[in-house]
Amino acid sequence: MCVAKKATLTLDKSFRIGDIDDRIYGAFIEHLGRGIYGGLYEPGHPSADENGFRQDVLELVKDLNVPVVRYPGGNFVSGYNWEDGIGPREQRPRRLELAWKSIETNEFGLNEFVDWTEKAGTEPMMAINLGSRGIDAARNIVEYCNHSSGTYWSDLRTKHGYAEPHNIKLWCLGNEMDGPWQIGHKTADEYGRIALEAGKVMRLVDPTIELVVCGSSNDRMPTFPDWEATVLDHTYEVVDYISLHQYFGNRDNDTPNFLAQSVGMEAFINTVIGICDYIKAKKRSKKTIHLSFDEWNVWYHSNEADAKQEPWQVAPPLLEDVYTFEDALVVGCMLISLLKRADRVKIACIAQLVNVIAPIMTRTGGGVWRQTTYYPYLHASLYGRGAALLPVIDSPAYDTKDFCDVPYLEAMATVNDETDELTIFAVNRDLEEPLILEGRLGNFEGYRVVEHITLTHPDLKARNTEDNPDNVAPKSDGDAKLDGELLTATLPKASWNVIRFKKG
Ligand code: AHR
Numbered sequence: 010m011c012v013a014k015k016a017t018l019t020l021d022k023s024f025r026i027g028d029i030d031d032r033i034y035g036a037f038i039e040h041l042g043r044g045i046y047g048g049l050y051e052p053g054h055p056s057a058d059e060n061g062f063r064q065d066v067l068e069l070v071k072d073l074n075v076p077v078v079r080y081p082g083g084n085f086v087s088g089y090n091w092e093d094g095i096g097p098r099e100q101r102p103r104r105l106e107l108a109w110k111s112i113e114t115n116e117f118g119l120n121e122f123v124d125w126t127e128k129a130g131t132e133p134m135m136a137i138n139l140g141s142r143g144i145d146a147a148r149n150i151v152e153y154c155n156h157s158s159g160t161y162w163s164d165l166r167t168k169h170g171y172a173e174p175h176n177i178k179l180w181c182l183g184n185e186m187d188g189p190w191q192i193g194h195k196t197a198d199e200y201g202r203i204a205l206e207a208g209k210v211m212r213l214v215d216p217t218i219e220l221v222v223c224g225s226s227n228d229r230m231p232t233f234p235d236w237e238a239t240v241l242d243h244t245y246e247v248v249d250y251i252s253l254h255q256y257f258g259n260r261d262n263d264t265p266n267f268l269a270q271s272v273g274m275e276a277f278i279n280t281v282i283g284i285c286d287y288i289k290a291k292k293r294s295k296k297t298i299h300l301s302f303d304e305w306n307v308w309y310h311s312n313e314a315d316a317k318q319e320p321w322q323v324a325p326p327l328l329e330d331v332y333t334f335e336d337a338l339v340v341g342c343m344l345i346s347l348l349k350r351a352d353r354v355k356i357a358c359i360a361q362l363v364n365v366i367a368p369i370m371t372r373t374g375g376g377v378w379r380q381t382t383y384y385p386y387l388h389a390s391l392y393g394r395g396a397a398l399l400p401v402i403d404s405p406a407y408d409t410k411d412f413c414d415v416p417y418l419e420a421m422a423t424v425n426d427e428t429d430e431l432t433i434f435a436v437n438r439d440l441e442e443p444l445i446l447e448g449r450l451g452n453f454e455g456y457r458v459v460e461h462i463t464l465t466h467p468d469l470k471a472r473n474t475e476d477n478p479d480n481v482a483p484k485s486d487g488d489a490k491l492d493g494e495l496l497t498a499t500l501p502k503a504s505w506n507v508i509r510f511k512k513g
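Dropping the structure here:
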């Protein structure tokens with residue numbers, strides 16, 4: 010007789026590890042491929058508004074309730090002159106864009122982005138160029154965006170039609186400056202010094218801004234983790250967050266190992282927290298540095314196609330990963346990893362938002378659809394607000410090429426005191442069998458299951474396309490039951506689950 014695998018989950022209202030900063034459900038948009046041109050912005054498209062913003066895209070973005078969007082890059086920002094994207098469109102220069110070997114028309118720039126964020130109901134997170142530029146451009150852009158009036162840059166903004174300051178609160182001090190591919194790549198000491206001085210002048214212009222300093226581009230960089238220690242040694246007192254970036258792929262088609270990658274993401278997060286606290290101790294500082302995981306996702310499907318692209322095109326189709334069902338499970342696991350350290354990860358951005366390694370895809374001149382990965386991101390953003398609760402889990406486990414003892418059950422919980430809602434997010438990593446979940450929920454009197462959403466598919470490689478947009482889509486068909494304190498649920502094989510409870 011075959012006995013089903015079982016996992017137990019113990020949860021209590023007091024298992025709080027911290028408040029969830031809404032900004033962990035942020036996203037990223039870069040001047041890259043069709044992210045902007047043909048993505049958010051396409052004048053002439055049947056759904057475009059008076060600004061050229063695609064309404065069909067805006068609707069899907071609004072559904073996601075994205076709190077913050079990082080812009081304009083990415084690798085792009087390290088060669089970007091922000092002034093190219095302001096003022097009358099007909100005077101804006103066309104430039105060789107060296108990071109992605111494209112032509113940048115500059116039709117869309119800073120003010121268009123701020124307009125778009127307002128329409129999308131989100132906040133901008135602006136990156137400055139610390140690759141080809143430096144302190145002077147850094148102070149000028151903050152003056153242009155945030156100073157009220159009566160100075161060269163603030164009056165220029167008014168002249169451009171924006172009398173009110175944009176008041177952009179969150180600023181990234183460059184992008185992936187540890188990477189040899191980056192324009193203006195630096196050593197940790199070189200970067201630490203310029204990040205400190207740029208941050209200092211930006212704060213002189215507007216002391217209310219928050220600053221994110223670049224951590225490593227990923228945890229396999231040869232300079233990780235010394236990079237973080239050196240950079241924070243220089244910048245500790247001026248910055249608020251340090252960035253982390255990570256992308257996963259299933260290049261050798263080893264799905265059990267692919268699904269386990271979030272275990273490495275957790276180790277990465279914990280190591281960076283350790284370094285922040287080491288520098289805090291070294292400096293006898295009272296200040297705590299938090300984490301901005303401002304690029305994370307699955308990225309590999311498009312690598313081959315990108316290598317064959319002709320250079321110097323306007324908005325070529327680059328990094329257009331068409332995501333599979335198994336990618337959605339990895340995205341679900343990555344979201345759970347962020348929630349597990351919600352006490353320290355205060356900002357995170359899925360990279361990216363539209364067309365470029367994105368949950369939303371469009372055809373230029375055509376339709377828009379949701380990729381498989383849209384759904385875990387949507388569910389976490391909608392139902393994962395409030396405080397994070399770390400459950401005690403006892404799960405059968407498996408070994409992979411990269412990790413030992415990977416639990417089949419990956420789970421995290423969130424509680425929202427304002428709405429009296431509790432949510433359990435759970436992935437069953439078992440590709441062969443369902444997992445029986447047995448839970449004990451302490452101090453949740455009066456709560457009942459309102460919905461058990463599942464995302465499953467018999468084919469791990471199933472995708473959504475413009476012609477078949479709902480091939481992989483969630484269903485509200487799970488069997489979760491709460492009887493007193495006892496929770497039971499069947500987590501289908503290879504599945505993303507959202508068990509939603511509400512009081513009363
Ligand atoms: O998101 C795509 C690229 O990945 C970004 O431009 C860069 O920061 C990272 O390497």
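Mapping the sequence shown onto the working numbering, position 314 (from 1) lands on 323, and the numbers just tick up by one.
For each residue, glycine too, the CB sits at the ideal point set by N, CA and C.
Fair warning: this is a prediction, and the values are worked out from it, not measured in the lab.
Between residue i and the rest of its own chain, which residues show a CB-CB distance below 7 Å, the 5 nearest in sequence each way excluded?
| i | result |
| --- | --- |
| W125 | L49, F62 |
| N545 | With the chain covering 10 to 513 only, the question about residue 545 has no answer from this structure. |
| H310 | D330, V331 |
| E59 | none |
| V66 | G48, L49, V363, I369, T371, V377 |
| V281 | G224, E237, I251, L253, L300 |
| H54 | R63, G374 |
Between residue i and residue j, which are expected to be in contact by the criterion C-beta below 8 Å, what is the C-beta distance as a whole number of angstroms?
| i | j | result |
| --- | --- | --- |
| A422 | L107 | Wrong, their Cβ atoms sit about 45 Å apart, outside the cutoff. |
| C358 | F37 | 4 Å |
| H156 | V214 | 7 Å |
| A471 | T382 | The Cβ separation is near 12 Å, so there is no contact. |
| S301 | S252 | 5 Å |
| I150 | W91 | 5 Å |
| V247 | L220 | 7 Å |
| M211 | A147 | 5 Å |
| L139 | A207 | 6 Å |
| E447 | A13 | Actually they do not touch by this definition, with Cβ atoms about 11 Å apart. |
| H254 | E185 | 7 Å |
| R379 | P478 | 7 Å |
| A489 | A498 | 4 Å |
| R449 | E419 | That belief does not hold up - the Cβ atoms of R449 and E419 are roughly 19 Å apart, past 8 Å. |
Determine, using beta carbons only, whether residue i and residue j come nearer to each other than 8 Å.
| i | j | result |
| --- | --- | --- |
| G96 | A324 | no |
| W180 | I218 | yes |
| S346 | M274 | yes |
| Y250 | K355 | yes |
| G224 | A204 | no |
| D187 | M134 | no |
| I284 | L344 | no |
| W505 | L464 | yes |
| E335 | N259 | yes |
| D411 | N266 | yes |
| K15 | I445 | yes |
| G513 | D426 | no |
| N306 | I402 | no |
| S158 | G193 | no |
| P102 | H40 | no |
Within the same chain, show all residues whose beta-carbon is closer than 8 Å to that of residue i, passing over the 5 residues directly before and after it, in chain order.
| i | result |
| --- | --- |
| Q322 | S111, I112 |
| T160 | E152 |
| Y287 | A238 |
Beta-carbon within less than 6 Å of residue i's beta-carbon, same chain only, minus the 5 sequence neighbours each way: which residues are those?
| i | result |
| --- | --- |
| Y153 | W162, R166 |
| L387 | L73 |
| N84 | A108 |
| I26 | D352, A397, L399 |
| S271 | C342, M343, S346 |
| Would the segment 428-446 and the segment 362-373 be scored as touching if the rule is three or more Cβ pairs under 8 Å? | No, they do not touch.
| query | Do the segment 457-468 and the segment 17-35 meet, that is, are 3 or more Cβ pairs less than 8 Å apart? | reply | With the cut-off at 8 Å, the segment 457-468 and the segment 17-35 do not touch.
| task | Write down every uninterrupted run of the alpha helix (DSSP H) in the segment 36-104 whose length is 4 residues or greater and which is fully enclosed by it, in chain order. | result | The qualifying runs are 64-73.
| query | Can we say the segment 366-381 touches the segment 408-420, given the rule of at least three CB pairs closer than 8 Å? | reply | These segments do not touch.
| field | Three or more C-beta pairs below 8 Å linking the segment 333-343 and the segment 230-245 | value | With contact defined as three or more Cβ pairs closer than 8 Å, the segment 333-343 and the segment 230-245 are not in contact.
| Can you give, in chain order, each stretch of the alpha helix (DSSP H) that sits fully within the segment 99-164 and has at least 4 residues? | Listed in chain order, the complete alpha helix (DSSP H) runs (minimum 4 residues) inside the segment 99-164 are 119-129, 144-155.
| query | Which runs of the alpha helix (DSSP H) spanning at least 4 residues fall entirely within the segment 176-225, listed in chain order? | reply | With a minimum length of 4 residues, the continuous alpha helix (DSSP H) runs that stay inside the segment 176-225 are 197-214.
| message | Restricting to runs no shorter than 3 residues, where is the beta strand (DSSP E) found entirely within the segment 364-405? | response | As far as the segment 364-405 is concerned, its whole beta strand (DSSP E) runs of at least 3 residues are 369-371, 377-379, 396-398, 401-403.
| request: Kindly provide the ranges of any beta strand (DSSP E) runs that are 3 or more residues long and lie completely inside the segment 219-259, ordered along the chain. | output: Secondary structure remark: continuous beta strand (DSSP E) runs of at least 3 residues inside the segment 219-259, in chain order: 219-222, 250-257.
| the segment 76-91 in contact with the segment 127-142 per 3-pair CB rule at 8 Å | The segment 76-91 is in contact with the segment 127-142.
| Which runs of the alpha helix (DSSP H), 4 residues or longer, sit entirely within the segment 269-345? | Complete alpha helix (DSSP H) runs here, min 4: 270-291, 312-316.
| Which full runs of the beta strand (DSSP E) of 3+ residues lie inside the segment 402-426, going along the chain? | Secondary structure within the segment 402-426: the beta strand (DSSP E) runs of 3 or more consecutive residues, fully enclosed, are 418-425 (chain order).
| said: For a minimum of 4 consecutive residues, which ranges assigned as the alpha helix (DSSP H) are wholly contained in the segment 437-473? | reply: Within the segment 437-473, no complete alpha helix (DSSP H) run reaches 4 residues.
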